[in-house]
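Just add 27 to the spot in the sequence shown (first one is 1) and you have the working numbering.
All remarks here apply to the structure that follows.
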Amino acid sequence: MAESSRDAVLARIRQSLAQPALLPPQPDFAAPVHPPLASSDAVVAFAESFQRVGGEFYYCESLSHLGAQLTAFQKRKQVGAPYVWEPQLQALLRTAGVAFRADEAEFIEQADWSLTSCEALVARTGSVLVSAATASGRRLSIYPDQHVVLARPSQVVAEIGNALRVAQARFGEQMPSMVSLTTGPSRTADIEKTLVLGAHGPRRLALFLLEDDGAAINEE
Numbered sequence: 028m029a030e031s032s033r034d035a036v037l038a039r040i041r042q043s044l045a046q047p048a049l050l051p052p053q054p055d056f057a058a059p060v061h062p063p064l065a066s067s068d069a070v071v072a073f074a075e076s077f078q079r080v081g082g083e084f085y086y087c088e089s090l091s092h093l094g095a096q097l098t099a100f101q102k103r104k105q106v107g108a109p110y111v112w113e114p115q116l117q118a119l120l121r122t123a124g125v126a127f128r129a130d131e132a133e134f135i136e137q138a139d140w141s142l143t144s145c146e147a148l149v150a151r152t153g154s155v156l157v158s159a160a161t162a163s164g165r166r167l168s169i170y171p172d173q174h175v176v177l178a179r180p181s182q183v184v185a186e187i188g189n190a191l192r193v194a195q196a197r198f199g200e201q202m203p204s205m206v207s208l209t210t211g212p213s214r215t216a217d218i219e220k221t222l223v224l225g226a227h228g229p230r231r232l233a234l235f236l237l238e239d240d241g242a243a244i245n246e247e
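Here it is, written out as structure tokens:
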């Protein structure tokens, strides 16, 4: 009985070896890595992704609308004037009738929120690509409790790779000392798997998308 079982096993092995091995499927390197975006409109896809990762999204159809939205935001959050160091943003806020702080006085103690521009917005992940190339530097997107971004619909791209190419096209070989993808508020769950916001950066992230009028807002 043992011999016949052994013969049966060997027979199955010989039969398997006699058949050609199945080759693994060949990858299609030309195929896209990700499926299509949930929305055919990249701006809508970004807004959905941005809110899904915890960001607060506001659409502004005009400068007056932006002024009203920022004023309402300030009242809801019960904060003072934002720190704004970029000349282009300062000019827009003056036109919109929004007060801001252009200096660095009491920045450490009073930096409740900041307003900066960005390089690009990523529809796939809801990420905001910021750099240290503007007058905001590194501090305004990292230190304040609440980071507010002002951007245009034309800055929305589909994928992270597209956003990096935008930065590369703008700066060439003179890349800024810091380029960062911000995806939602700063958070961690390292300690006992308890989610903590504001662990390594702003506790809240908001974005005001101002309708395009042909003027860039991230150029000095």
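Just so it is clear, CB atoms sit at the ideal spot from N, CA and C, and this is done for glycine as well.
Remember, it's a predicted structure, so these values are computed and weren't measured experimentally.
In the structure shown, T98 adopts helical secondary structure according to DSSP, grouped into three states.
In the DSSP annotation of this structure, the continuous segment of the beta strand (DSSP E) that includes T143 starts and ends at 140-143.
The closest CA to that of I244, considering only V157, T209, E219, S204, is found on V157. Nearest neighbour of P59 by Cα position, chosen from L93, Y110, E186, turns out to be E186. Out of Q201, D130, D172, the CA that lies nearest to the CA of A233 is found in D172.
The straight-line gap separating the alpha-carbon atoms of Q101 and L236 is approximately 17 Å.
A contact between stretches requires three or more CB pairs, one per stretch, nearer than 8 Å, and the stretch 126-134 meets this requirement with the stretch 107-115.
Collapsing the DSSP output to three states places H227 in coil.
If you look at V60, you'll find it isn't in any beta strand (DSSP E); DSSP assigns it neither H nor E.
Residue range 173-178 is occupied by the beta strand (DSSP E) that includes Q173. Out of D139, T152, L120, the CA that lies nearest to the CA of V80 is found in T152. In the DSSP assignment, F127 falls outside any alpha helix (DSSP H), carrying neither H nor E. Scanning H61, V193, H174 for the CA closest to the CA of Q182 turns up V193. Within the same chain, F198, P203 come within 7 Å of A160 by CB-CB distance, once the 5 residues on both sides are set aside.
Following the DSSP letters along the chain, one finds V70 inside the alpha helix (DSSP H) bounded by residues 69-79. Less than 7 Å divides the Cβ of E113 from the Cβ of S144.
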